[in-house]
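Enquirer:
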Amino acid sequence: MRISPHSSGRARARLVIAGASALSLALVGLGTATATAGPTARTPFPGSVPKFVAAANDSGTTSDSTVEGLVFLDLQDELGAQQFAAAVSTPGSKQYGKYLSPQDWITRFAPTQQEFDTVKQYLVSSGLSITGAPQSREYIVFRGPADATNAAFNTKLHDYKVSGKTVSAPSTAPSLPRSVAAHVLGVSLGDAPAKLNRPSITRPGQGIRGAKPAQTGKATTRGLTSTGVVKQGVAKNSNQSTTSDQCSSYAGEYETTMPEAYGKTTFPTYICGYLPSQLRSAGNLNRLINSGYDGSGVTIGIVDAYASPTILQDTNDYMRAVGSPLLTKFTDISYPASSFSDEALCQFPSGWQTEQTLDIESAHSIAPGANIVYSGGYNCGGGITLAVSKILDQGLADIVSNSYGYRGEDVGDDLIRGEQNLHLQAAGEGIGLYYSTGDDGDNSVVTGQVEANWPATSPWVTAVGGTSEAIGARGDYLFETGWGTILNKVVNGAYEAPLPGGYYGGQTGGGISSVIAQPSYQQGVVPTSLSGRGSQASRVEPDVADLADPYTGFLIALRPIIDDSTLETGPLEFGTIGGTSLATPITAAKMALVQQVAGRQIGFANPLLYQQYRLNRHAFHDVKPPATPWALAYVSAAGNRYLATTNVGFSLFTAKGYDDMTGIGTLKVPELSQGVSRSVFSGHKGGHGHRHGDSTKGGHGKRH
């Protein structure tokens with residue numbers, strides 16, 4: 049259901065339509081807040097209550113002794129901020145590329161200092177401590193005893209069972225005195241956002257578990273049969289496959305005998321982990337990079353929680369080992385280790401170290417000349433939000449990769465609206481945000497519900513899904529399938545279950561948003577069978593995709609943290625990683641190359657990407673269903689043998705054209721760069737096929 053924002057101090061509109069090529073979106077919230085009368089009049093914020101708050105999930109008064117929360121403030125002109133973000137991001141607009149500097153955006157759209165001080169003073173006077181706030185004044189992060197939080201917001205925090213976790217959330221709509229609420233967009237209370245926020249990384253064999261999709265009770269893949277051969281096959285190139293159980297360094301290097309499946313008994317083994325040189329070669333990037341188009345002059349921001357103490361050393365030891373350029377343009381602006389908090393709640397610094405390492409090593413592998421700025425939050429809640437704001441408020445990056453997200457969109461509509469304002473800020477400043485779509489498909493395996501993931505469903509970010517990729521012996525791109533892996537265990541010489549199997553090996557996130565209307569850049573590209581029709585059409589993720597399957601994953605190296613209290617690390621280790629956490633920094637780095645070739649700031653890329661898709665589909669690999677399944681043999685560390693079938697969906701499928709596993713496809717950087725340089729920056733209107741006069745004069749992609 050589409051829901052309108054509550055009314056507070058400023059007027060808001062449900063839809064923004066700023067021209068044929070601009071964006072349109074629904075604003076989320078929970079209807080109109082009604083202030084109570086009298087000397088203690090208060091305004092409730094029902095949008096802060098997640099949908100999981102129900103008697104069936106209620107475990108009673110929260111056991112948390114202290115609580116973190118966020119109060120999001122109203123922008124001075126939310127509608128104007130949306131219209132401006134759409135105009136500067138949409139090819140063909142007279143304002144296209146004419147971004148604001150961070151300070152100018154803050155002056156024009158952010159809450160005023162007086163409004164900020166009013167809200168802050170109320171929190172402090174209520175016995176709550178301010179733990180952080182951005183320069184933009186868009187929100188305040190606070191912490192305090194549960195009793196003080198309950199009193200300040202006139203609610204009661206309870207514990208709830210959600211996706212196997214116990215999380216805290218308000219049991220009734222929080223409220224604020226009317227004089228304070230006049231400046232407030234929404235409220236987020238409790239640890240649910242932090243506990244439901246997780247990195248999107250997956251390892252081969254990690255968490256193999258039974259697959260029980262909500263709708264059908266079994267996994268399905270289009271065209272899946274018990275006979276036939278994989279028509280694409282695996283190119284042998286100059287090398288013939290060798291029979292062995294060991295992993296392969298390229299697709300088809302080794303094959304092994306398995307019980308019959310799909311009409312064959314010999315299958316290629318899973319990939320040990322592709323190297324940077326293989327990704328560059330398969331992406332046809334070497335000619336660009338050798339010509340100096342290596343990302344130079346572009347800054348990629350990476351945001352995660354916490355920070356590895358050995359990240360630069362690990363990255364460069366890895367690059368030396370695999371024969372790739374060293375990382376020499378690196379800046380760490382993370383919160384210091386002394387400020388780290390909520391480690392157990394957030395899966396510890398060691399739990400995020402692999403994510404940070406994967407993000408930086410993969411991004412540098414694709415764009416070795418780009419600057420990399422790492423911003424680590426002091427936790428995975430308010431701290432990681434502040435880490436994003438640190439980049440936006442100072443304009444420290446052109447492109448920001450965010451390989452984390454919530455499971456589903458049930459985090460409270462106030463939180464969604466508040467975070468969406470950060471996305472508006474990024475778009476207005478010409479900073480492109482890229483978010484992973486998650487590793488649990490449509491989430492039915494985990495939560496029992498079919499749902500897409502926030503913040504990838506935001507209409508102001510580029511959502512990145514995942515693929516399984518075959519790279520040949522010469523580093524040549526062979527083919528891709530959608531990432532959705534189901535494993536079948538071999539027991540006593542036979543498969544344990546009917547094909548494709550009963551063990552879930554991870555799947556790209558995707559699907560339809562339950563709260564965000566369809567942005568106009570998706571209109572005419574996303575099939576109505578996925579988005580819905582007319583006023584009921586919704587945002588669908590992903591927008592694009594790249595390598596994510598851990599069974600065709602990427603090799604990384606790090607010195608693992610062995611003591612989370614001291615951050616002591618062990619010796620250097622190599623390992624294979626996948627997940628949309630891999631696809632996202634790869635895509636961000638590819639866009640850094642496109643931006644360098646184009647010679648101007650791209651900013652929020654979706655209107656441009658969908659425009660290019662309409663004009664030249666050859667700039668994207670269209671990831672379609674294989675004629676017959678592509679399956680890999682996997683032998684676990686314990687010696688168990690599995691057949692891993694790719695491109696398996698529950699409610700998500702690959703298809704010709706746009707699909708909800710891979711979006712419009714994976715980027716072909718040389719072709720996309722040519723198209724961007726040739727059409728967009730000569731004033732070509734997106735999606736209409738007409739040429740107009742130069743619409744970029746005076747902008748040149750710079751922030752004013």
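Its first residue numbered 49, the sequence shown is counted upward by one per residue in the numbering used here.
Glycine included, each C-beta is placed from N, C-alpha and C at the ideal position.
No experiment lies behind these values; they were computed from the predicted model shown.
Leaving out five residues before and five after L720 in sequence, what residues of the same chain have Cβ atoms less than 7 Å from its Cβ?
Expert: Walking along the sequence shown from the start, residue 720 turns up at place 672. Once the five neighbours on either side are set aside, the close Cβ partners of L720 are V642, Q660 and A667.
Enquirer: Tell me whether V467 sits in a helix, a strand or coil according to DSSP, three-state version.
Expert: Sequence index remark: in the sequence shown, residue 467 carries index 419 (1-based). The displayed chain sequence assigns Glu, not Val, to residue 467. Helix.
Enquirer: Let's test the definition: count the other Cβ atoms within 10 Å of the Cβ of E621 and tell me whether it reaches 16, buried, or not, exposed.
Expert: Within the sequence shown, residue 621 is the residue found at index 573, counting from 1. Exposed, since its Cβ has fewer than 16 Cβ neighbours within 10 Å.
Enquirer: Residues in the same chain with beta-carbon distance under 8 Å from V115, minus the five sequence neighbours each way, listed in chain order, please.
Expert: The residue you call residue 115 lines up with position 67 of the sequence shown. Here the set comprises R191, G192, P193, A194, T197, L205, S216, L237, G238 and D239.
Enquirer: Output the boundary residues of the beta strand (DSSP E) element that contains Q555.
Expert: For the purposes of this step, residue 555 is taken as the residue at position 507 of the sequence shown. Looking at the DSSP string, the run of the beta strand (DSSP E) that includes Q555 is Y551 to Q555.
Enquirer: Is it the case that the segment 410-429 contacts the segment 623-639, given that we only count it when at least three CB pairs across the two stretches are under 8 Å?
Expert: yes
Enquirer: Along the beta strand (DSSP E) that carries G424, what are the first and last residues, could you check?
Expert: As a first step, residue 424 is located in the sequence shown; it is residue number 376 there, counting from the start. Taken as a continuous stretch (DSSP letters only), the beta strand (DSSP E) holding G424 covers N419 to G425.
Enquirer: To the nearest angstrom, report how far apart S484 and A504 are at their CA atoms.
Expert: Counting from one through the sequence shown, the residue named residue 484 turns up at place 436. Counting from one through the sequence shown, the residue named residue 504 turns up at place 456. Each residue's Cα considered, the two are about 6 Å apart.
Enquirer: Classify I564 as helix, strand or coil using the three-state DSSP reduction.
Expert: Against the sequence shown, residue 564 aligns to sequence position 516. In the structure shown, I564 falls within a strand segment according to DSSP collapsed to helix, strand and coil.
Enquirer: Alpha carbon to alpha carbon, how far is Y454 from I650? Give it in angstroms, no decimals.
Expert: Within the sequence shown, numbered from 1, the residue matching residue 650 stands at position 602. Within the sequence shown, numbered from 1, the residue matching residue 454 stands at position 406. C-alpha separation (whole angstroms): 27 Å.
Enquirer: Please identify the residue among I610, I625 and T624 whose C-alpha is closest to the C-alpha of G618.
Expert: Mapped onto the sequence shown, residue 618 falls at position 570. Nearest C-alpha to G618: I610.
Enquirer: Find the nearest neighbour of T515 within the set T600, V509 and G723, judged by alpha-carbon distance.
Expert: As a first step, residue 515 must be located in the sequence shown, where it is residue number 467. Among T600, V509 and G723, the Cα nearest to that of T515 belongs to T600.
Enquirer: So does the segment 519-533 actually touch the segment 701-716, counting three or more Cβ pairs closer than 8 Å?
Expert: With a cut-off of 8 Å, the segment 701-716 and the segment 519-533 count as touching, because enough Cβ pairs lie within range.
Enquirer: In angstroms with no decimal places, state the Cα-to-Cα distance between F100 and D458.
Expert: Stepping through the sequence shown from its first residue, residue 100 is reached at position 52. Stepping through the sequence shown from its first residue, residue 458 is reached at position 410. Distance between the alpha carbons of F100 and D458 is about 7 Å.
Enquirer: Taking DSSP as the reference, what is the three-state secondary structure of G430?
Expert: Translated into the one-based positions of the sequence shown, residue 430 becomes position 382. In this structure, G430 counts as helix in the three-state DSSP scheme.
Enquirer: Where does G582 fall in DSSP's three states?
Expert: Reading the sequence shown from its first residue, position 534 is the one you call residue 582. G582 falls in the helix class under three-state DSSP.
Enquirer: So, do the segment 416-430 and the segment 372-388 have three or more beta carbon pairs nearer to each other than 8 Å?
Expert: yes
Enquirer: Cα separation between S107 and Y208?
Expert: Here residue 107 refers to the residue found at position 59 of the sequence shown. Here residue 208 refers to the residue found at position 160 of the sequence shown. Straight-line Cα distance between these residues: approximately 5 Å.
Enquirer: On the premise that P324 lies in contact with S372, defined as a C-beta separation below 8 Å, what is that separation, rounded to the nearest angstrom?
Expert: Start at 1 with the first residue of the sequence shown, and residue 372 comes out as number 324. Start at 1 with the first residue of the sequence shown, and residue 324 comes out as number 276. Correct: roughly 4 Å between the Cβ atoms.
Enquirer: Out of curiosity, what's the CA-to-CA distance linking A475 and A158?
Expert: For the purposes of this step, residue 475 is taken as residue 427 along the sequence shown, with counting starting at 1. For the purposes of this step, residue 158 is taken as residue 110 along the sequence shown, with counting starting at 1. Going by the C-alpha atoms only, they are around 14 Å apart.
Enquirer: State the start and end residues of the unbroken alpha helix (DSSP H) segment that holds P324.
Expert: By 1-based counting over the sequence shown, the position of residue 324 is 276. Start and end: P324 to A330.
Enquirer: Less than 6 Å between the CB of F652 and some heavy atom of the ligand SAH, yes or no?
Expert: For the structure depicted, the ligand SAH is absent and the ligand set is empty, with no information on it obtainable.
Enquirer: Starting from N536, follow the beta strand (DSSP E) in both directions and report where the run begins and ends.
Expert: Position 488 of the sequence shown, counted from the first residue, corresponds to residue 536. Counting along the chain, the beta strand (DSSP E) containing N536 begins and ends at G532 to V539.
Enquirer: Just to confirm, are I447 and A242 a CB contact at a threshold of 7 Å?
Expert: Stepping through the sequence shown from its first residue, residue 447 is reached at position 399. Stepping through the sequence shown from its first residue, residue 242 is reached at position 194. No, Cβ-Cβ distance for I447 and A242 is not below 7 Å.
Enquirer: Using only CA atoms, which one of S451, I534, S356 and D594 lies nearest to G253?
Expert: Start at 1 with the first residue of the sequence shown, and residue 253 comes out as number 205. For G253, the closest alpha carbon among the candidates S451, I534, S356 and D594 is that of I534.
Enquirer: What's the gap between the Cα of I319 and the Cα of A675?
Expert: Sequence index remark: in the sequence shown, residue 319 carries index 271 (1-based). Sequence index remark: in the sequence shown, residue 675 carries index 627 (1-based). Taking the straight line joining both Cα atoms gives about 22 Å.
Enquirer: Taking the straight line between their C-alpha atoms, what separation do you get for N332 and Q162?
Expert: Reading the sequence shown from its first residue, position 284 is the one you call residue 332. Reading the sequence shown from its first residue, position 114 is the one you call residue 162. Whole-angstrom Cα-Cα distance: 53 Å.
Enquirer: Locate the beta strand (DSSP E) running through L224, then write down its first and last residues.
Expert: On the sequence shown, residue 224 is found 176 positions in, with the first residue counted as 1. From DSSP, the beta strand (DSSP E) with L224 extends over S223 to P225.
Enquirer: Do A679 and T693 come within 7 Å of each other at the CB atom, strictly closer than that value?
Expert: Here residue 693 is taken as the residue at index 645 of the sequence shown, counted from 1. Here residue 679 is taken as the residue at index 631 of the sequence shown, counted from 1. In this structure, A679 lies closer than 7 Å to T693 by Cβ.
Enquirer: Per the DSSP calculation, H666 is bridged to which residue(s)?
Expert: Counting from one through the sequence shown, the residue named residue 666 turns up at place 618. H666 pairs with nothing; no bridge assigned.
Enquirer: Does DSSP put T166 in a helix, a strand or coil?
Expert: Here residue 166 refers to the residue found at position 118 when the sequence shown is read from its first residue. T166 sits in a helix when the DSSP states are folded into three classes.
Enquirer: Below 8 Å on the Cβ atoms is my guess for D488 versus V498; work out the distance and round it to an integer in Å.
Expert: Within the sequence shown, the letter at position 440 stands for residue 488. Within the sequence shown, the letter at position 450 stands for residue 498. Not confirmed; about 11 Å, so no contact.
Enquirer: Going by DSSP, what residue range makes up the beta strand (DSSP E) through T632?
Expert: Stepping through the sequence shown from its first residue, residue 632 is reached at position 584. It is not in any beta strand (DSSP E) - T632 instead sits in the alpha helix (DSSP H) that spans T628 to A646.
Enquirer: What first and last residue would you give for the alpha helix (DSSP H) that runs through V346?
Expert: The count along the sequence shown starts at 1 and reaches residue 346 at position 298. V346 -> no alpha helix (DSSP H), and no H or E assigned at all.
Enquirer: Alpha helix (DSSP H) containing M367: first to last residue?
Expert: Indexing the sequence shown from 1 puts residue 367 at position 319. Element bounds for M367: I359 to V370.
Enquirer: Is the beta carbon of M391 sitting closer than 7 Å to the one on D352?
Expert: What you label residue 391 is simply residue 343 of the sequence shown in a count that begins at 1. What you label residue 352 is simply residue 304 of the sequence shown in a count that begins at 1. The question names Met, yet the displayed sequence has Glu at residue 391. Cβ distance not < 7 Å, so E391 and D352 don't count as in contact.
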